[in-house]
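Under this note's numbering, think of the first position of the sequence shown as 222, with each following residue one higher. The beta-carbon is built from N, C-alpha and C at its ideal position, and this holds for glycine as well. All values reported here derive from a predicted model rather than from experimental measurement. Reviewing the structure listed below.
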Amino acid sequence: MNRTRNSLPPPVRKQAITALYQTVVELFDLFTCIKQAHGNMRGVTFIRLDELASHIMGHIDRVAERATALGGMADDAFREGVRLSHLKKKKETPSSFNGAFDWMQELADLHASVGEHVCQAVKQLIEIQDFGSADLLADILRTLDLHLSILETHLNQQHLKTRSSPCFTRSL
């Protein structure tokens, strides 16, 4: 850990840095999943996933900068981020043309999972009294909740379209 004039005691900074870098890993994994979905989705159900990815990348930068400000040093976590991530992904990715609904479900599930991780990290940071890092992650949690709301709204709209389509009503 690098020396710093930060007022937090070294043991607190060490715990905070660990929580922050794990958050970076989870956010980076989410970012790659959003970009993968963006690269594979087609058709009228496509939403602007680049904006979601851009928000996540901004958060990755801020969390990494906070860890560095506390004396942390970027290590292999960045290069091996996906391997160190706790996000659970489906074994098979959805198809490009017909899998838009599946992609949205996958991204919603991943946002919820990262949100859960961030919430736990906020609790941990409050317990050790690193309120600056907790506030930063609380802001990220609000963004993840907003993204999740957008994804769920899109999923609900697609579900309603499917239910009201002539093909669906004939099968009843």
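- If you compare the alpha carbons of H276, I349, G279 with that of P231, the shortest gap goes to I349.
- In the structure shown, the three-state DSSP call for P231 is helix.
- For S354 and A237, the gap between their C-alpha atoms comes out near 7 angstroms.
- The continuous alpha helix (DSSP H) containing L328 extends over residues 321 to 348.
- For L362 and H368, the gap between their C-alpha atoms comes out near 10 angstroms.
- When only Cα atoms are considered, G293 and K235 end up about 8 angstroms apart.
- Q378 sits exposed, since fewer than 16 C-beta atoms from the chains shown fall within 10 Å of its C-beta.
- Closest option to H259, judged by alpha-carbon separation, among A321, L331, A333, H338: A321.
- In this structure, L376 is the residue among C254, A290, L248, L376 with its C-alpha nearest to the C-alpha of M325.
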